[in-house]
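Beneath this line is the structure, given in structure tokens, with notes to follow.
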Amino acid sequence: MDPYPFPGTPKTPGCEPDLSPIDSASGNIHANESQDPLASLSDLYAEAYPLAVQAVQEDANGDHHTARLLYCEVCEIFIKILKLLPPGEEHDLVRRKSEQYSKRAEAIWESRSTSTTPVKHIKELPAYEKLAQEAQFAFEQAVAEQEKQHEQGALDFYMDSADLFLQAWKDATDGVIKDALEQRLRDVISRAENLKGVSIDTMPLLKVKSGSAPVISGPSNLTPQELQVLKTTMLINSKKYHPWSDLDVKDLLREKGPFTDPDGMLPLSDKQISKFGSWKRVSQIMENPKMICLISSTSIVQDIVTDCSFVASLCVSASYERRWKKQLIRACIYPRNKFGEPCYNPHGKYLVKLTFNGIARRVVSKSGTLMCTFSTNKNELWPSIIEKAYMKLMGGYDFPGSNSGIDLYALTGWIPEHIFIKESNFDSEKQWKRMIHGQRNGVALVTIATGNMTDAEADRLGLVPTHAYAVLDLKEVQGLRLLQVKNPWSHKRWKGPFSHLDADSWTEGLKAELNFDQFAALKNDDGIFWIDYESVCATFDTIHINWNLETLNHRAVIHA
């Protein structure tokens, strides 16, 4: 196997990383040794390397929280590598590197501030700089359209970019800046001319679009009767949500200037109203906003919106995407760059693809407040943007709550199944086999929910009444059936068997098998815990399983 260099841990935060190589020898892996999709050493090393590079970069740039999450991700992969490597020099090298990253992650945690960080208020950019950002966004969308061989779409975005660079050039006063903007303008026009052979003298510069609604094109494989049904059902909570069409995305994202939602601001929950200061655009509170830094269930935190079921859905979807390398979160957010990755839009307009009333629909979301679900990675937007779109669909942040099966269906389109544990016909053995088979094969997303319980009972168990939890993993280890679960609050954990407080059930061998550091878990309440399946059946009320439609051999969708 070719050598993979892994960055060394910085000695102090912000220091240049010491790069040192790990030479990995090839190894033979038996099919029954791992059910994980990353089943070979080469895959594992390839997975760990970019994460390690990014961890060191984020650490050196001062984003220590993101760096810590990345270090932990790399350490988890290293543990899988160590299980596959025979004793020897390479095994020792990987182990030492894992220890370095683990110590750095722990040092970041120990040095964290316990005080609440206030939302930053970013100084407003000059007009020419805002226009230049919008011009660059249009240029990147043009490149993305060109990559897809959508020549007309690319030309439209190139023309938008040229128009905006021209406006920025007119607004700028500094000579050096004007020269740079002029060069960018010429570059954009040159690319447009090469695309279509359009003359620079005759290329029209687009005017700002009117506020009229765009022409909507629905899916082409539907009958007129089905289209009529979908038209009738697109009125949801007094707002129209048209069926999703990829053809509409370009036109809906070409509108210029800061986006203002024609439907107005979303209604707030009572808790939000009590703490409300003002609505802010992302550009007003983040210095370098990014749509996605790292898809990770550990970075999502539910705030004061009563949408635990949806946040649990985000967590389990993020966990699935990290493990199986298949887009769930990324699949529903627009705009995207030429690599197909969701990206930041300086206009503040995003399209989120959600499934509701039988078909994928588009919800337009404006970047808004942090008094909602957020990412612990600073400057990362995706949890807030997706939640806002879903809250808009549901009528506002004063959302009374749902169940995670329904929410996951909206987010992914996967078919929900609700299993009620307390019913007399509940078969625990059968359901465990179905869950773990679905999870091992990447065809099922699992969440669980509690029912009503007294405050005393909830405190004794470490659970929240009528609350949804994300199931991140299921394991059969040493004759035990265990679930790794996350509370969307990112704090408050199970206190029963196999919890961080359990001194009897955990053995050193079991801890090693599950990569569980009980000492670290005692110090750090991140809302993630292990629980045995028998305790789930005794204390939870519902299991929600969402099944991937793509795995079905035969299926039919009828709108009636």
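Per UniProt numbering, the sequence shown starts with residue 1, numbered consecutively. Glycine included, each C-beta is placed from N, C-alpha and C at the ideal position.
Rounded straight-line distance, which links the Cα of residue j to that of residue i
i    : j    : result
G396 : D171 : 39 Å
D407 : D248 : 25 Å
T542 : N194 : 59 Å
A132 : L70  : 32 Å
V363 : K250 : 15 Å
K80  : K475 : 15 Å
K97  : G405 : 40 Å
T412 : Y320 : 11 Å
S535 : S402 : 24 Å
E110 : H64  : 12 Å
D455 : L480 : 30 Å
S245 : C308 : 30 Å
D187 : A180 : 11 Å
C332 : M391 : 15 Å
D427 : E47  : 38 Å
H91  : V311 : 38 Å
F137 : K495 : 49 Å
R460 : A503 : 16 Å
E129 : D174 : 12 Å
K349 : L381 : 12 Å
P37  : R68  : No answer about P37 holds up, because its pLDDT of 45 lies below 50 and its placement is not dependable.
E417 : E423 : 15 Å
S24  : K326 : Here S24 scores only 35 on pLDDT, less than 50, and its place in the model is too uncertain to base an answer on.
C72  : D517 : 12 Å
M291 : H150 : 24 Å
I189 : Q152 : 15 Å
L44  : F356 : 37 Å
K239 : E182 : 43 Å
Residue i classed as buried or exposed, judged by whether at least 16 other C-beta atoms fall within 10 angstroms
i    : result
V282 : buried
R104 : buried
P383 : buried
V176 : exposed
T447 : buried
T539 : buried
F420 : exposed
E58  : buried
L552 : exposed
G438 : buried
T66  : buried
A55  : buried
V352 : buried
S102 : buried
N425 : exposed
V477 : exposed
Contacts around residue i, its chain only, beta-carbon distance under 7 Å, and the 5 residues preceding and following it disregarded
i    : result
N337 : E140, A144 and C343
H242 : I216, M234, R361 and R362
R493 : G462, N487, S499, H500, D525, G527 and F529
E76  : N515
E550 : none
V557 : none
R191 : Y158
Beta-bridge partners of residue i, as assigned by DSSP
i    : result
P342 : R336
R481 : E476
H64  : BP columns for H64 are empty, so no partner.
T355 : A360
T542 : F420 and A449
P243 : R361
W547 : I415 and A444
F529 : V485
L235 : K240
E380 : K290
K495 : Answer by DSSP bridge pairing: none, since K495 is not bridged.
Within 8 Å, strictly: CB atoms of residue i and residue j
i    : j    : result
F165 : A142 : no
A521 : H554 : no
A470 : V485 : yes
L354 : A389 : yes
E341 : R330 : yes
I386 : L314 : yes
A449 : M435 : no
L41  : L82  : no
N379 : M286 : yes
L222 : H559 : yes
A60  : V74  : no
Same chain, Cβ closer than 6 Å to residue i, neighbours up to 5 away in sequence not counted
i    : result
F78  : V94 and S98
Q146 : A154
N237 : G395
Same chain, Cβ closer than 8 Å to residue i, neighbours up to 5 away in sequence not counted
i    : result
E106 : A520
Closer than 7 Å: residue i CB and nearest the ligand ZN heavy atom
i    : result
K338 : Absence of the ligand ZN is noted for the structure shown, with no ligands found whatsoever.
Residue-chain proximity (residue i, chain B), Cβ-Cβ < 8 Å
i    : result
Q149 : As a matter of chain content, chain B is missing from the structure shown, which is built from one protein chain.
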